[in-house]
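Residue numbers (this note's numbering), protein chains in the order written: chain B, 1 to 296; chain W, 297 to 592.
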């Protein structure tokens, strides 16, 4: 009876018995923080602060690279002892006109070049959507866009991670709204350079999540794992994410599902929060590290 | 290739070829408006205004009945020529303690009595969720709660419609977030008194929507159809719905899927909008009627 409720339609594989929640992480070796999490800090400040706090990896948002020598910035991050985990973000492939879709593809080629220069092995794709355009059409344009840039990604040794976004972003940010859809795309694109970024904020509610994480693992496509929390109430659709522990997402349950696939990559803290950006960022970074230990 | 993208996991039945969008509605005979749509109006005012505008049905929110003789209010609505379509809302079954779950069941029994007194044949259920409680556990409590009140519903001749809510409400408003889950519950409860309310705002993004609407129809469970629109950007998670035509929801496509099941019940306009509540409500009602003709 329970399994009928957990899975709304036959899942691609029967989910295993619910895995026990994961144990606390023993150290910070798998902790990565996104530059946007501490948005007020320029990347050089973030790098120094993250390293001093024991953070092991950094995911770089492209806006933080503006005006920088990208290769030199990558070296600076590594000299701080930080692993450059990924570059955020490419995507936004759908558009009404072929010309605009071409511009989106060009921008993704630039992102690949930037990731290569930075030394980031992965680009996270926020795939895009056009308000009023059928979602199925946008998904086809996303497939076409990824296929178009795949040769450059392969040549640069940069992988691409489709990030399914919460259905509340289906209007204008992504027509890929479930892990099942992202896995479908991975199957269609059939490239070791195309996989998925699993972000708990977008996917925690999905009754097929456990089964689709397992499927993603079988596809060899679980490229990244992002954590934060969902606050009640959430007062802004974009910038009111919670720090881990501030909300209702079963983080240790989901990490157990992720690790059951063999994933041992970074746990990336990606929090957009007007509220938290307004606080003292040194204090906030201490809270991030503590929340990682207590809740991830 | 397209169908793989449309359906993330094997759907309960292969979707039919995409139905052509529905034709415009020829008249207002299937137009119902929810009292909350024109929230500033007391129910007596709403009834008079709706009737004068040619609206055919009314769905009554319980708050509008406060301090009224409910049976007399029902008579007043019918004297205006309005069909009493449903009572909003019951539900909110999940709770941490058995005592609180019992209180929720009591409140649903009161709702059934109110619907009976009002002459409403249907109660819409916003099923509920408890932040931090596993969604699967909340869904079980929802099933148990509906089962507990079913005898009263049958005795009163009142049907219950499970309304799946958008995943952005999974934290605290409903653990039922897809039509697939609602259909699963209908199958488990096996009662002609339990069905589903399909609301485009909650479900438009779902790649399995067409297939699940068809399944709902086969179950004989498509009890209600609610329309509004999704605005870009949406600035509030609760009260920033759009009037039909103001957003990106493919209303005529979805109505075609609904009508392909044989559904010919009301198209219910349910808009929560701080922005629209602040406008002249007479003017707004004219816009509702026009939007119904132009976009539903």
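Even for Gly, the Cβ is constructed at its ideal location relative to N, Cα and C. Since the structure is predicted, the reported quantities are computational estimates derived from the model, not experimental observations.
The region 326–338 of chain W contacting the region 350–367 of chain W, beta-carbon criterion three pairs below 8 Å: yes
Residues of the region 250–268 of chain B whose Cβ lies closer than 7 Å to any Cβ of chain W, in chain order: 250
Segment limits, alpha helix (DSSP H) that includes residue 498 of chain W: Here residue 498 of chain W refers to the residue found at position 202 when the second chain is read from its first residue. Per DSSP, residue 498 of chain W belongs to the alpha helix (DSSP H) from 496–499.
The region 562–569 of chain W contacting the region 516–525 of chain W, beta-carbon criterion three pairs below 8 Å: yes
8 Å CB neighbourhood of residue 401 of chain W in its chain, flanking five on each side removed: To locate residue 401 of chain W, count along the second chain from 1; it is residue 105. 389, 441, 444, 445.
Cβ of residue 168 of chain B within 9 Å of any chain W Cβ: Indexing the first chain from 1 puts residue 168 of chain B at position 168. Chain W, which has a Cβ nearer than 9 Å to the Cβ of residue 168 of chain B, makes this yes.
Inter-residue CB distance, residue 77 of chain B and residue 84 of chain B (contact presumed, cutoff 8 Å): Sequence index remark: in the first chain, residue 77 of chain B carries index 77 (1-based). Sequence index remark: in the first chain, residue 84 of chain B carries index 84 (1-based). Going by Cβ atoms, the distance from residue 77 of chain B to residue 84 of chain B rounds to 5 Å, so yes, they are a contact pair.
Sufficient close CB pairs (3 or more, under 8 Å) joining the region 202–219 of chain B to the region 231–238 of chain B: no
First through last residue of the alpha helix (DSSP H) which encompasses residue 147 of chain B: Here residue 147 of chain B refers to the residue found at position 147 when the first chain is read from its first residue. From DSSP, the alpha helix (DSSP H) with residue 147 of chain B extends over 135–156.
Those residues which DSSP pairs with residue 399 of chain W across a bridge: Walking along the second chain from the start, residue 399 of chain W turns up at place 103. Its beta-bridge partners do not exist; DSSP assigns none.
Closest residue to residue 193 of chain B among B/170, B/142, B/156, B/178 (Cα-Cα distance): As a first step, residue 193 of chain B must be located in the first chain, where it is residue number 193. Considering only alpha carbons, the answer is B/156.
Proximity of residue 547 of chain W and residue 568 of chain W at Cβ, strictly below 9 Å: In the second chain, the residue the question calls residue 547 of chain W occupies position 251. In the second chain, the residue the question calls residue 568 of chain W occupies position 272. In this structure, residue 568 of chain W does not lie closer than 9 Å to residue 547 of chain W by Cβ.
Minimum Cβ-Cβ distance from residue 302 of chain W to chain B less than 9 Å: Counting from one through the second chain, the residue named residue 302 of chain W turns up at place 6. With a pLDDT of 32 at residue 302 of chain W, under the threshold of 50, the modelled position of that residue is not reliable, and the figure given next carries that caveat. With 9 Å as the cut-off, residue 302 of chain W counts as an interface residue toward chain B.
Residue 79 of chain B, buried or exposed, once every other Cβ within 10 Å from all chains shown has been counted against 16: Your numbering for residue 79 of chain B matches position 79 in the first chain. It is exposed - the Cβ of residue 79 of chain B has fewer than 16 other Cβ atoms within 10 Å.
Within 9 Å, strictly: CB atoms of residue 515 of chain W and residue 466 of chain W: Along the second chain, one-based indexing puts residue 515 of chain W at 219. Along the second chain, one-based indexing puts residue 466 of chain W at 170. Not in contact: residue 515 of chain W and residue 466 of chain W (Cβ atoms no closer than 9 Å).
One or two residues paired with residue 564 of chain W in a DSSP bridge: Along the second chain, one-based indexing puts residue 564 of chain W at 268. For residue 564 of chain W, which the question treats as bridged, DSSP gives the partners W/328, W/522.
Alpha carbon of residue 348 of chain B to alpha carbon of residue 82 of chain B, nearest angstrom: In the structure as shown, chain B begins at 1 and stops at 296. Residue 348 of chain B is therefore absent and cannot be evaluated.
Reference residue 543 of chain W; option with closest CA among B/46, B/59, B/131: Counted from its first residue, the second chain places residue 543 of chain W at position 247. Nearest C-alpha to residue 543 of chain W: B/131.
Chain-ordered residues of the region 106–132 of chain B with a beta carbon less than 9 Å from chain W: 129, 130, 131, 132
Short Cβ contact (9 Å threshold) for residue 416 of chain W with residue 370 of chain W: If you number the second chain from 1, residue 416 of chain W lands on position 120. If you number the second chain from 1, residue 370 of chain W lands on position 74. Taking 9 Å as the Cβ cut-off, residue 416 of chain W and residue 370 of chain W qualify as a contacting pair.
Short Cβ contact (9 Å threshold) for residue 181 of chain B with residue 460 of chain W: The count along the first chain starts at 1 and reaches residue 181 of chain B at position 181. The count along the second chain starts at 1 and reaches residue 460 of chain W at position 164. The answer is no: Cβ separation not under 9 Å.
Paired residues, beta bridge with residue 159 of chain B - DSSP: Position 159 of the first chain, counted from the start, is the residue given in the question as residue 159 of chain B. Answer is B/122.
Among W/549, W/355, W/498, W/555, the one whose alpha carbon lies nearest that of residue 538 of chain W: As a first step, residue 538 of chain W must be located in the second chain, where it is residue number 242. Measuring from the Cα of residue 538 of chain W, the nearest candidate turns out to be W/498.
The region 64–94 of chain B: positions lying closer than 7 Å to chain W by Cβ: none
Exposure label - residue 463 of chain W; buried when at least 16 CB within 10 Å: Translated into positions along the second chain, residue 463 of chain W becomes position 167. So residue 463 of chain W counts as buried.
DSSP beta-bridge partners of residue 553 of chain W: For the purposes of this step, residue 553 of chain W is taken as residue 257 along the second chain, with counting starting at 1. Note: residue 553 of chain W sits in no beta bridge, so no partner.
Proximal residues, the region 484–511 of chain W versus chain B, C-beta separation under 7 Å: 484, 501, 503, 504
Chain-ordered neighbours of residue 27 of chain B on chain W, where CB pairs are closer than 7 Å: Walking along the first chain from the start, residue 27 of chain B turns up at place 27. Near residue 27 of chain B there are no residues of chain W at all, since even the closest Cβ is about 27 Å away, more than 7 Å.
Buried or exposed by the 16-neighbour rule on C-beta atoms within 10 Å, applied to residue 551 of chain W: Counting from 1 along the second chain, the entry for residue 551 of chain W is found at position 255. So residue 551 of chain W ends up on the buried side.
Sub-9 Å separation of residue 331 of chain B and residue 292 of chain B beta-carbons: No answer is possible for residue 331 of chain B: the residues shown for chain B start at 1 and end at 296.
Cα-Cα separation, residue 125 of chain B to residue 87 of chain B: Counting from 1 along the first chain, the entry for residue 125 of chain B is found at position 125. Counting from 1 along the first chain, the entry for residue 87 of chain B is found at position 87. Their Cα atoms are separated by approximately 9 Å.
Assigned secondary structure, residue 475 of chain W (DSSP; H/G/I helix, E/B strand, else coil): As a first step, residue 475 of chain W must be located in the second chain, where it is residue number 179. DSSP places residue 475 of chain W in helix when its eight states are reduced to three.
Cross-chain neighbours of residue 248 of chain B in chain W, by beta carbon under 7 Å: Walking along the first chain from the start, residue 248 of chain B turns up at place 248. Neighbours of residue 248 of chain B on chain W, chain order: 427, 428, 467.
Three-way DSSP call (helix, strand, coil) for residue 20 of chain B in this model: Taking the first residue of the first chain as position 1, residue 20 of chain B is located at position 20. Looking at residue 20 of chain B - three-state DSSP - the assignment turns out to be coil, as it is neither helix nor strand.
Same chain, Cβ closer than 7 Å to residue 541 of chain W, neighbours up to 5 away in sequence not counted: Taking the first residue of the second chain as 1, we reach residue 541 of chain W at position 245. Here the set comprises 525, 587, 590, 591.
CB of residue 577 of chain W within 9 Å of CB of residue 338 of chain W, strictly: Mapped onto the second chain, residue 577 of chain W falls at position 281. Mapped onto the second chain, residue 338 of chain W falls at position 42. It is not a contact, given that the beta carbons lie outside the stated cut-off.
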